[in-house]
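Inspection log for the structure reproduced underneath, given as structure tokens.
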DNA sequence: ATCAAAAATATACGAAAGTATAATTGCCGT
DNA sequence: ACGGCAATTATACTTTCGTATATTTTTGAT
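Protein chains in written order, with UniProt numbering: chain A, 1 to 204; chain B, 1 to 204.
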């Protein structure tokens, strides 16, 4: 489950960081702790599944503000907020913006561990989905411009003859390109190709 | 936007109900207010877009408990919680379970109105999606058992010959059934049929 | 049991798809 | 200008698909 993964902790309170490091070490999960969001960004992220335990209130950038900026920074880690001084709207908004948990200190250790396990699972799943989308996009990119043209019209259901007219090429050229599309996209049948392009459109 | 829709209010405090009725009447939205969840269930729901403003703490069944039971009752209304005595975990859990807002009294009128408009829009969208899925399911149901068999294998990419062998019928029968499938499903091309069955699988 | 409707099958034909071989065109670098 | 090299096109053939017509089988109702 937690083969190789990291939990990032950002909290200005060193005693909290130490406590979390101990807690997660006790269950064999690697921890990288920082006292500011800047320190976290400077260190960078490892390319392994993980999640982020984030303090709400900190000197410098708050955890709330950092959370809002994460998408723009290309950081998609699941976020678990911890706080000693939160209020209801803050917690509600955090969850509405995608945080997976919002815990108030003092919190139950097991509750946090459960949230972390959940976050790591979500990140693993996100990475799987992302990898599939990337692989699919790579296949598509291996098609020449003309082959992509043909592929688009094929999955629209046009006949080879119609595609040829649309693209101002001969029907035999369409057949050649079409065969190349099927080979390069590793599609055994036309329905396969349709499904591949549907996934491609969704993950665009 | 709010052509014909209803906001259901469940709150044991008659002054709150009156205030909400006034507020929503001022913007021309119809209100149905109840003092208990039982009263709401007894009255039943209208078949128009709407959302539910739900008090957290009430005599009898609490709003929180009712929210958890809604899916089992087949009620998919967007829920907006209002409360005077909530805490952070309660608000966080409510949102995690799908509530679209969790407001603490006293709340800003406009905040509630925005949430309600958002809830109504979501319900409209849900109804659109549901109607599409239902229409698609109706088309599929219009296929005979044999036609459904053929359709399933067609979208898997099997040849008519292979389908015939699989179903122990003649190839000509497959052709007839296949033509019926295309006609009944209103699919002009094979890619169309593939996409229809994909949607069907997702909304099953 | 019998009749009528529906489903399945047989036969036949034209259009489309897939593939192979060969010829042609267009483009790029030397 | 020239020689490759990839893309396009032409030709030919086989398989598959779609459809129409006619026949047989099955099903269901009275």
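Positions of the beta carbon are idealized from the N, C-alpha and C atoms, including for glycine.
query, result
"Where in the UniProt domain \"Response regulatory\" (6 to 120) of chain B do unbroken runs of the alpha helix (DSSP H), each at least 4 residues long, occur, reported from the N-terminal end onward?", "14 to 26, 37 to 43, 63 to 70, 88 to 96"
"I'd like the span of the alpha helix (DSSP H) that includes residue 192 of chain B, first residue to last.", "190 to 202"
"For residue 189 of chain A, would you say it is in contact with chain B, using Cβ-to-Cβ distances shorter than 7 angstroms as the test?", "yes"
"Name, going along the chain, the residues of the UniProt domain \"HTH luxR-type\" (136 to 201) of chain A whose beta-carbon falls closer than 7 angstroms to a beta-carbon of chain B.", "155, 156, 157, 188, 189, 190, 191, 192, 194, 195, 198"
"Buried or exposed: where does residue 125 of chain B fall if 16 or more other Cβ atoms within 10 Å of its Cβ makes it buried?", "exposed"
"Give me the residue from A:194, A:193, A:100 with the minimum Cα distance to residue 76 of chain A.", "A:100"
"Measure the C-alpha to C-alpha separation of residue 134 of chain B and residue 155 of chain A and round it to an integer number of angstroms.", "25 angstroms"
"What do you reckon, are the CB atoms on residue 163 of chain A and residue 174 of chain A nearer than 7 angstroms?", "yes"
"Does DSSP put residue 185 of chain A in a helix, in a strand, or in coil?", "coil"
"Roughly how many angstroms separate the alpha carbons of residue 50 of chain A and residue 31 of chain A, rounded to a whole number?", "10 angstroms"
"Exposed or buried, what is residue 95 of chain B when buried is set at 16 or more other beta-carbons lying within 10 Å of its beta-carbon?", "buried"
"Would you mind stating whether residue 86 of chain B and residue 48 of chain B have Cβ atoms separated by less than 7 angstroms?", "no"
"From the beta carbon of residue 31 of chain B, is the nearest beta carbon of chain A less than 7 angstroms away?", "no"
"CB-CB under 6 angstroms to residue 115 of chain B, same chain, minus the five flanking residues each way: which ones, in chain order?", "80, 101"
"For residue 123 of chain B, count the other beta carbons within 10 Å of its own beta carbon; 16 or more makes it buried, fewer makes it exposed. Which is it?", "buried"
"Hey, out of A:160, A:194, A:177, whose CA is closest to residue 136 of chain A's CA?", "A:194"
"Thinking C-alpha only, which one of A:141, A:68, A:150, A:52 is nearest residue 166 of chain A?", "A:150"
"Just verifying my parser: in three-state terms, what is the DSSP assignment at residue 157 of chain A?", "coil"
"Which chain A residues are close to residue 95 of chain B, counting only those with a beta carbon under 7 angstroms from its beta carbon?", "92, 95, 96"
"For a contact meaning CB atoms closer than 8 angstroms, what does residue 86 of chain B contact in chain A?", "88"
"Does residue 123 of chain A come out as helix, strand or coil in the three-state DSSP assignment?", "helix"
"Straight-line CA distance for residue 28 of chain A to residue 5 of chain A?", "10 angstroms"
"Please state the DSSP three-state secondary structure of residue 142 of chain B.", "coil"
"In three-state terms, what does DSSP make of residue 169 of chain A?", "coil"
"So, at 7 angstroms on beta carbons, what are the nonlocal neighbours of residue 18 of chain A in its own chain, with the 5 sequence-adjacent residues on each side left out?", "none"
"Of all the residues that make up the stretch 97 to 126 of chain B, which are near chain A by a beta-carbon distance shorter than 7 angstroms?", "102, 104"
"So, residue 93 of chain B versus residue 23 of chain B, is the Cβ gap smaller than 7 angstroms?", "no"
"Grab me the residues of residue 185 of chain A's own chain with a C-beta within less than 7 angstroms of its C-beta, minus the 5 sequence neighbours each way, in chain order.", "139, 193, 196"
"Please list, in chain order, all residues of the same chain as residue 46 of chain A whose beta carbon is under 6 angstroms from its beta carbon, the five residues on each side excluded.", "6"
"Which of the three DSSP states is assigned to residue 149 of chain A in this structure?", "helix"
"Would you decide whether residue 59 of chain B is buried or exposed? Buried here means 16 or more other CB atoms lie within 10 Å of its CB.", "exposed"
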